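Chains as they are written, first to last, in my numbering: chain E, 1430 to 1542; chain S, 25 to 137.
Cβ coordinates follow ideal geometry from the N, Cα and C atoms, glycine included.
As the structure is a prediction and not an experimental result, all values here were calculated from the model.
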């Protein structure tokens, strides 16, 4: 158990809908990362937050947004969903924002029908 | 061309074999190199973390970095069925804004009893 909690574990929705994925980092970790994992693209970095502030942005679509709240939990919002958004979404956390040691949650599997 | 290339496998070996997993990369700014292990339906977990060129050993695992060739390797000695997983290489640069990890697509390893 990495200490990172993600909900929901599974989510099935329709195209055009909006979903929110939630992540609670390990106790004491200030940095949260979101990654998307699909069969053909591997693990793709979406966005990073540190202590409530956005620190780095990767290949995150404009339809996607995220935030980190004062209690350090984070949410990833995916809107106007398309079939191609079906993937595993991982949250990871780390103590600092420059470290490579990330602790991953078990992921949220999103299926868009 | 992807920044990090990794043979997807699957790689199937008998128990006790020495396994060699490799990644090549194109970004010369990468300075920190990691190997993550991902079991089916789980999030990745950090296995090895190295800085710059050289070798690092941890039990049955040895990580090797050759920055001149932009090539990293993970060796697993006396492989066990419990090593069956997907192995992801990851790396990052030091410059501001690029502190997130870039992952390879992963190599699926199967160790046959």
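Under 8 Å between C-beta atoms, does residue i make it to chain E?
i, result
"residue 111/S", "no"
"residue 81/S", "no"
"residue 124/S", "yes"
"residue 68/S", "yes"
"residue 127/S", "yes"
"residue 130/S", "yes"
"residue 49/S", "no"
"residue 73/S", "yes"
Answer with buried or exposed for residue i, where buried requires no fewer than 16 other C-beta atoms within 10 angstroms of its C-beta.
i, result
"residue 1498/E", "exposed"
"residue 128/S", "buried"
"residue 53/S", "exposed"
"residue 102/S", "exposed"
"residue 1509/E", "exposed"
"residue 1500/E", "exposed"
"residue 68/S", "buried"
"residue 114/S", "buried"
"residue 118/S", "exposed"
"residue 130/S", "buried"
"residue 74/S", "buried"
"residue 1468/E", "exposed"
"residue 1552/E", "There is simply no residue 1552/E to check, as chain E begins at 1430 and stops at 1542 in what is shown."
"residue 1477/E", "buried"
"residue 63/S", "exposed"
"residue 116/S", "buried"
Can you check whether the C-beta of residue i is within less than 8 Å of a C-beta belonging to chain S?
i, result
"residue 1462/E", "yes"
"residue 1471/E", "yes"
"residue 1431/E", "yes"
"residue 1495/E", "no"
"residue 1519/E", "yes"
"residue 1477/E", "yes"
"residue 1482/E", "no"
"residue 1511/E", "no"
"residue 1491/E", "no"
"residue 1533/E", "yes"
"residue 1443/E", "no"
"residue 1498/E", "no"
"residue 1530/E", "yes"
"residue 1457/E", "no"
"residue 1485/E", "yes"
With which residues is residue i paired in a DSSP beta bridge?
i, result
"residue 90/S", "95/S"
"residue 1439/E", "1538/E"
"residue 75/S", "56/S"
"residue 42/S", "Beta-bridge pairing links residue 42/S to no other residue."
"residue 118/S", "Partner(s): none; residue 118/S has no beta bridge."
"residue 82/S", "85/S"
"residue 69/S", "61/S"
"residue 29/S", "48/S"
"residue 101/S", "Paired residue(s): none; residue 101/S is not in a bridge."
"residue 125/S", "According to DSSP, residue 125/S bridges with nothing at all."
"residue 1521/E", "1462/E and 1533/E"
Just confirm the distance between the C-beta atoms of residue i and residue j, as a whole number of angstroms; I'd bet it's less than 8 Å.
i, j, result
"residue 1539/E", "residue 1440/E", "5 Å"
"residue 1502/E", "residue 1447/E", "No, residue 1502/E and residue 1447/E are not in contact; Cβ-Cβ is about 19 Å, not under 8 Å."
"residue 70/S", "residue 85/S", "Wrong, their Cβ atoms sit about 12 Å apart, outside the cutoff."
"residue 1521/E", "residue 1531/E", "4 Å"
Complete beta strand (DSSP E) runs within the region 1442 to 1517 of chain E (minimum length 3 residues, chain order): The region 1442 to 1517 of chain E is shown to contain whole beta strand (DSSP E) runs of 3 or more residues at 1448 to 1453, 1460 to 1467, 1471 to 1479, 1482 to 1486, 1493 to 1497 and 1503 to 1507, in chain order.
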